[in-house]
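In our numbering, the protein residues as written are 26 to 410.
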């Protein structure tokens with residue numbers, strides 16, 4: 026991280042006050058006493074893990090959730106002392122590293138516990154058990170598997186079971202049939218767990234969609250992921266709008282070259298675009314190496330509050346747009362965000378790519394500096410380059 030100016034004319038802006046707003050809005054919707062784990066995996070969905078984690082904790086999140094041990098270690102090295110849960114699989118030989126750093130790992134395999142028990146742990150290893158109620162990814166699926174894990178945990182020194190969780194596959198859809206089926210599976214496992222494990226543990230079942238739509242059904246904790254960044258997890262949830270979210274990320278660049286071309290001139294690799302008349306063409310210094318992939322050819326950007334299409338194939342480091350007039354070098358180009366009365370959202374970009382909005386901030390690469398703002402004022406720059 027650096028407070029120095031970055032040396033290129035493309036950048037992402039992350040408004041931290043939006044992160045705070047979204048967390049506080051969810052907290053108001055949840056039952057009193059329900060805690061929030063801020064999900065900051067994948068570099069906080071492309072927004073900047075350390076900065077978002079600190080903001081989330083300051084806004085009231087009680088802990089953090091990541092996918093990989095590497096992500097958790099990075100947060101610890103940044104001085105973050107809050108609880109951190111690794112939701113994915115951790116290699117058993119890395120359990121001592123997790124224990125030394127007070128990082129909670131996910132358990133769902135008896136073989137894994139057997140390998141961990143054979144190692145020397147200098148600190149207690151915190152565990153959350155994953156139940157697969159229908160996601161089909163990782164987790165136990167039966168009470169027999171649960172009993173095996175619990176027996177091994179009881180028999181092994183320095184293991185501490187502190188939580189249990191599952192993940193809903195269709196919480197963001199209009200048809201709640203499968204969601205109800207998963208809830209029923211969870212309750213069956215929950216009933217058995219209560220009979221065989223008297224110690225108190227944390228339960229968390231809710232992702233962004235479930236926690237916003239069904240707050241009364243949430244257990245002790247919810248995991249706030251995509252919607253912490255101001256994006257609704259589906260069109261269904263966006264239409265229901267259980268809480269008002271503020272998008273945190275915008276993507277900006279500037280014109281670095283503007284020229285007038287005669288009719289019949291070609292643009293970019295493969296000559297896939299030809300001018301039909303005299304046209305003003307602008308060059309933008311951002312390309313597929315930055316995450317603005319070639320499939321976005323034809324997508325609009327905003328210049329002077331107006332939409333202008335990307336023409337020709339997007340290059341590794343640059344792309345071209347058709348302008349409605351000549352603009353000065355340095356004119357701002359907005360790829361995601363607002364200009365005047367118009368806005369290009371991550372949802373619009375996702376629809377153009379026939380994907381989900383989760384993918385859009387995640388695909389913005391390390392080459393794009395993240396500029397962190399609070400209430401519109403820059404506070405820090407993370408210049409990955």
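Don't be surprised by glycine CBs; every beta carbon is placed ideally from N, CA and C.
Check whether residue i and residue j have beta carbons under 8 Å apart
i, j, result
"residue 335", "residue 350", "no"
"residue 271", "residue 47", "yes"
"residue 175", "residue 152", "no"
"residue 345", "residue 314", "no"
"residue 40", "residue 371", "no"
"residue 59", "residue 243", "yes"
"residue 303", "residue 284", "no"
"residue 352", "residue 325", "no"
"residue 292", "residue 306", "yes"
"residue 217", "residue 228", "no"
"residue 124", "residue 146", "yes"
"residue 158", "residue 210", "yes"
"residue 226", "residue 188", "yes"
"residue 156", "residue 214", "yes"
"residue 369", "residue 378", "no"
"residue 267", "residue 248", "no"
"residue 311", "residue 367", "no"
"residue 117", "residue 140", "yes"
"residue 142", "residue 94", "no"
"residue 316", "residue 259", "no"
"residue 277", "residue 362", "yes"
"residue 84", "residue 64", "no"
"residue 483", "residue 66", "Nothing about residue 483 can be read from this structure; the chain reaches only from 26 to 410."
"residue 269", "residue 288", "no"
"residue 386", "residue 148", "no"
Beta-ladder partner(s) of residue i, from DSSP
i, result
"residue 326", "333"
"residue 308", "282 and 345"
"residue 298", "292"
"residue 399", "402"
"residue 190", "155 and 229"
"residue 359", "277 and 327"
"residue 365", "In DSSP, residue 365 forms no bridge with anything."
"residue 86", "Partner(s): none; residue 86 has no beta bridge."
"residue 110", "90 and 129"
"residue 31", "Looking at the DSSP assignment, residue 31 forms no beta bridge with any residue, so it has no partner."
"residue 184", "150"
"residue 407", "395"
"residue 36", "277"
Pairwise C-alpha distance: residue j and residue i
i, j, result
"residue 80", "residue 308", "36 Å"
"residue 78", "residue 250", "12 Å"
"residue 37", "residue 163", "34 Å"
"residue 234", "residue 388", "22 Å"
"residue 190", "residue 134", "15 Å"
"residue 26", "residue 51", "Since pLDDT at residue 26 reaches only 42, below the 50 mark, its modelled position is unreliable, and the value read off the structure follows with that caveat. Their Cα atoms are separated by approximately 29 Å."
"residue 88", "residue 75", "13 Å"
"residue 261", "residue 198", "6 Å"
"residue 28", "residue 397", "For residue 28, the pLDDT reaches just 48, beneath the cut-off of 50, and the residue's location in the model is therefore unreliable, although a value from the coordinates is still provided. Residue 28 and residue 397: Cα-Cα distance of roughly 10 Å."
"residue 131", "residue 113", "6 Å"
"residue 160", "residue 154", "15 Å"
"residue 55", "residue 44", "17 Å"
"residue 384", "residue 70", "8 Å"
"residue 30", "residue 405", "10 Å"
"residue 296", "residue 231", "49 Å"
"residue 203", "residue 240", "18 Å"
"residue 263", "residue 62", "22 Å"
"residue 119", "residue 165", "21 Å"
"residue 365", "residue 194", "38 Å"
"residue 32", "residue 393", "10 Å"
"residue 221", "residue 208", "20 Å"
"residue 408", "residue 171", "46 Å"
"residue 355", "residue 343", "15 Å"
"residue 201", "residue 265", "14 Å"
"residue 347", "residue 333", "6 Å"
"residue 376", "residue 320", "12 Å"
"residue 253", "residue 212", "27 Å"
"residue 331", "residue 382", "23 Å"
"residue 115", "residue 219", "26 Å"
"residue 192", "residue 290", "53 Å"
"residue 86", "residue 108", "10 Å"
Any C-beta of chain D under 8 Å from that of residue i
i, result
"residue 216", "Judged by its chain identifiers, the structure shown contains no chain D, having just a single protein chain."
Integer-rounded CB distance, given that residue j should sit under 8 Å from residue i
i, j, result
"residue 279", "residue 358", "6 Å"
"residue 183", "residue 150", "6 Å"
"residue 34", "residue 281", "6 Å"
"residue 98", "residue 126", "6 Å"
_So within the segment 201-247, which uninterrupted alpha helix (DSSP H) runs reach at least 4 residues, ignoring any that extend past its ends?_
Taking only runs of at least 4 residues, the alpha helix (DSSP H) segments lying wholly in the segment 201-247 are 202-221 and 233-238.
_What ranges does the alpha helix (DSSP H) occupy inside the segment 47-80, keeping only unbroken runs of at least 4 residues that lie completely in it?_
Within the segment 47-80, the complete alpha helix (DSSP H) runs of at least 4 residues are 66-70.
*Run through the segment 129-174 for me and flag every whole beta strand (DSSP E) of 3 or more residues, listed as ranges in chain order.*
Whole beta strand (DSSP E) segments, 3+ residues: 129-132 and 150-155.
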